[in-house]
Amino acid sequence: MNRLLIDVGSTYFKVSANGNISHYFRDFKTDIYSDLSSKCQNLIDQFSKDEIFICSSANGGLSTLIIGVTNSFSLKYASNIAYNSGINIIKTVLYKHIKTQSIPKDIIDVVIIVGGIDGVDNIFDENLISYLQKVQYKKIVYVGSNNCEKFISKNIKDVEFLGNVIDHKLQMQEDNLKEYLTNLYGENIIGKEDIKELYNITSNQIYSTPYIVNTSLPFIDTKLDVVDPFIVIDIGGATTDIHYSKELVKDNIITSNEYDRLVFKKLGVYKSRESLIFSAKHNEFVYELLAYLNTTENILEEQSEKSTKILMQLAIFLVLYKVSHQHKKYLDIKLCVLNSIVLTGGIIKVLSYDEIFQIVEFFYQKILQSNKTPQIIIDSDYSIWTIGMDKLC
10 MNRLLIDVGS TYFKVSANGN ISHYFRDFKT DIYSDLSSKC QNLIDQFSKD
60 EIFICSSANG GLSTLIIGVT NSFSLKYASN IAYNSGINII KTVLYKHIKT
110 QSIPKDIIDV VIIVGGIDGV DNIFDENLIS YLQKVQYKKI VYVGSNNCEK
160 FISKNIKDVE FLGNVIDHKL QMQEDNLKEY LTNLYGENII GKEDIKELYN
210 ITSNQIYSTP YIVNTSLPFI DTKLDVVDPF IVIDIGGATT DIHYSKELVK
260 DNIITSNEYD RLVFKKLGVY KSRESLIFSA KHNEFVYELL AYLNTTENIL
310 EEQSEKSTKI LMQLAIFLVL YKVSHQHKKY LDIKLCVLNS IVLTGGIIKV
360 LSYDEIFQIV EFFYQKILQS NKTPQIIIDS DYSIWTIGMD KLC
């Protein structure tokens with residue numbers, strides 16, 4: 010079939026014309042449409058609008074604050090749904106401690122309030138209202154007990170009610186919230202003025218790249234020599250994403266998708282450089298890792314090719330660390346049973362196999378206390394996303 014596939018990333022354009030893939034480093038001084046046209050117009054002109062399919066991850070992800078009544082159910086359920094919708098959790102607040110909780114400094118894309126099974130009343134009070142008045146947010150949703158909806162609607166403007174994520178048997182009901190968050194992520198992408206302009210060249214829906222990559226994973230062995238179980242780490246300019254099978258999560262409560270995604274909005278190498286450096290400096294193992302790499306913390310202050318490589322290596326270490334048993338804030342993925350780790354994204358343009366293996370080996374030996382290192386597979390053509398596009402388009 011005659012088709013042109015385009016992935017708009019935060020750092021690169023990836024273009025696949027009937028299976029032939031090319032990459033173009035973005036010019037951040039111009040808008041996406043003009044930049045893409047200047048680099049690929051001759052190729053674009055060879056296809057009709059209905060033969061061009063586009064996905065994008067250029068928005069860098071969305072953020073959420075979750076306020077819940079219990080760690081065991083409300084916070085646990087809402088957090089898992091948010092993670093698996095590609096939403097970055099900035100903060101979780103256990104309601105009984107809300108009066109002592111700090112206020113997020115950044116503007117939150119969506120606040121989620123959750124707690125109690127339907128029929129339970131008097132869960133929330135003025136402490137919730139007082140806290141939210143200090144938070145800057147764009148949207149707010151309620152997914153808790155229906156008996157509290159009257160109090161919520163009376164005291165909070167523009168709140169959206171999506172139905173309780175906790176049923177009477179304390180089982181999770183994920184569909185409504187997950188659909189809302191997934192759609193919000195998509196709307197955020199196509200709502201960008203730069204992305205809207207891309208409808209000048211396509212008559213098809215513009216998809217989010219993380220969704221496309223997750224769609225690709227069941228068929229990844231058609232492109233790469235991957236052995237189950239595996240994870241995919243996508244390190245780009247704005248974010249670092251990890252895609253994983255739900256079977257690798259010890260506390261698995263998501264039931265609909267075979268593969269899920271966790272986004273780290275502040276672990277990108279270019280647009281999120283400062284926050285990546287901040288995370289590195291506050292990790293107890295990074296200075297030992299820098300010594301292992303025969304360098305010092307001074308490299309983090311440099312603007313050089315070597316410092317970019319080091320930052321990408323640190324991004325690999327930090328994302329593995331954040332989903333390991335050493336770090337309780339995110340999901341605990343069974344990294345010790347992995348047979349393959351697939352690397353994709355802008356990182357493949359910078360790091361060699363040996364530079365990647367060096368980090369994975371250090372992580373497995375130091376953090377997991379294991380001499381077994383998974384097979385490292387590099388998506389050298391950045392072709393994983395094309396699998397999902399071919400399946401959907």
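According to the working numbering, the residues represented by the sequence shown are 10 to 402, in order.
For each residue, glycine too, the CB sits at the ideal point set by N, CA and C.
With contact defined as three or more Cβ pairs closer than 8 Å, the segment 238 to 254 and the segment 208 to 223 are in contact.
For lysine 315 and lysine 48, the gap between their C-alpha atoms comes out near 28 Å. Leaving aside the five residues that flank leucine 190 on each side, the residues in its chain whose CB is nearer than 6 Å to its CB run, in chain order, Ser94, Ile96.
The residue from Asn307, Thr305, Ile286 with its alpha-carbon nearest to that of alanine 324 is Ile286. In the three-state reduction of the DSSP assignment, leucine 299 falls in the helix class. In this structure, the alpha-carbon of lysine 58 lies about 49 Å from that of leucine 137. The residue among Tyr42, Gln180, Thr101 with its C-alpha nearest the C-alpha of isoleucine 204 is Tyr42.
Beta-bridge partners of glutamine 384 (DSSP): Ser349. Assignment of phenylalanine 294 by DSSP, reduced to helix, strand and coil, places it in the coil class.
Here the C-alpha atom of isoleucine 368 lies approximately 17 Å from the C-alpha atom of glycine 245. For the pair isoleucine 53 and isoleucine 210, the CB atoms are nearer than the 8 Å cut-off. A distance below 8 Å separates the beta carbons of leucine 186 and isoleucine 90. With contact defined as three or more Cβ pairs closer than 8 Å, the segment 174 to 183 and the segment 110 to 120 are not in contact.
Pairing glycine 124 with tyrosine 104 gives a Cβ-Cβ distance under 8 Å. Beyond the five residues adjoining it in sequence on each side, aspartate 237 comes within less than 7 Å, by CB distance, of Asn348 in the same chain, given in chain order. Valine 328 counts as buried, since at least 16 other C-beta atoms from the protein chains shown sit within 10 angstroms of its C-beta.
Its chain contains Leu74, Ile99, Lys100, Val144 as the residues whose beta carbon lies nearer than 7 Å to that of proline 113, once the 5 sequence neighbours on both sides are disregarded; these appear in chain order. Separation of isoleucine 308 and isoleucine 319 (C-alpha to C-alpha, rounded to the nearest whole angstrom) is 8 Å. By the CB criterion at 8 Å, isoleucine 229 and isoleucine 393 fall inside the cutoff. The beta carbon of leucine 171 sits closer than 6 Å to the beta carbons of Val150, Val152, Asn185, Leu186, Tyr189 from its chain, once the five residues preceding and following it are set aside; these are given in chain order.
Between methionine 398 and leucine 14 a beta carbon distance of about 5 Å is seen, short of the 8 Å cut, so the two are scored as contacting. Of the residues Glu306, Phe56, Leu226, Gln335, the one whose Cα lies closest to the Cα of lysine 400 is Leu226.
The C-alpha of arginine 12 is placed about 47 Å away from the C-alpha of phenylalanine 294. For the beta strand (DSSP E) assignment, the uninterrupted runs of no fewer than 3 residues enclosed by the segment 18 to 87 are, from N- to C-terminal side, 21 to 26, 29 to 34, 61 to 65, 71 to 77. Rounded to the nearest whole angstrom, the C-alpha separation of glutamine 378 and serine 111 is 35 Å. Isoleucine 121 is bridged by DSSP to Ile75, Val150.
When the five nearest sequence neighbours on each side are left out, the beta carbons in the same chain lying within less than 8 Å of the beta carbon of threonine 231 are those of Ile396, in order along the chain. According to the DSSP assignment, phenylalanine 170 belongs to no alpha helix (DSSP H) but to the beta strand (DSSP E) extending over 168 to 170. Just so you know, the alpha carbons of serine 31 and glutamate 283 end up roughly 29 Å apart.
Cβ-Cβ separation between valine 17 and serine 65: approximately 4 Å, consistent with a contact (criterion under 8 Å). Our two residues, serine 72 and tyrosine 86, have alpha carbons roughly 17 Å apart in a direct line. Within its own chain, the residues whose Cβ lies closer than 8 Å to the Cβ of tyrosine 330, once the five positions on either side in sequence are excluded, are Asn292, Phe294, His336, Phe372, Ile376, listed in chain order. In terms of Cβ geometry, isoleucine 386 and valine 359 do not form a close pair [threshold 8 Å]. Listed in chain order, the alpha helix (DSSP H) runs fully inside the segment 307 to 347 are 314 to 331, counting runs of at least 4 residues. Following the DSSP letters along the chain, one finds asparagine 97 inside the beta strand (DSSP E) bounded by residues 96 to 103.
For valine 369, the secondary structure class from DSSP, reduced to helix, strand or coil, is helix.
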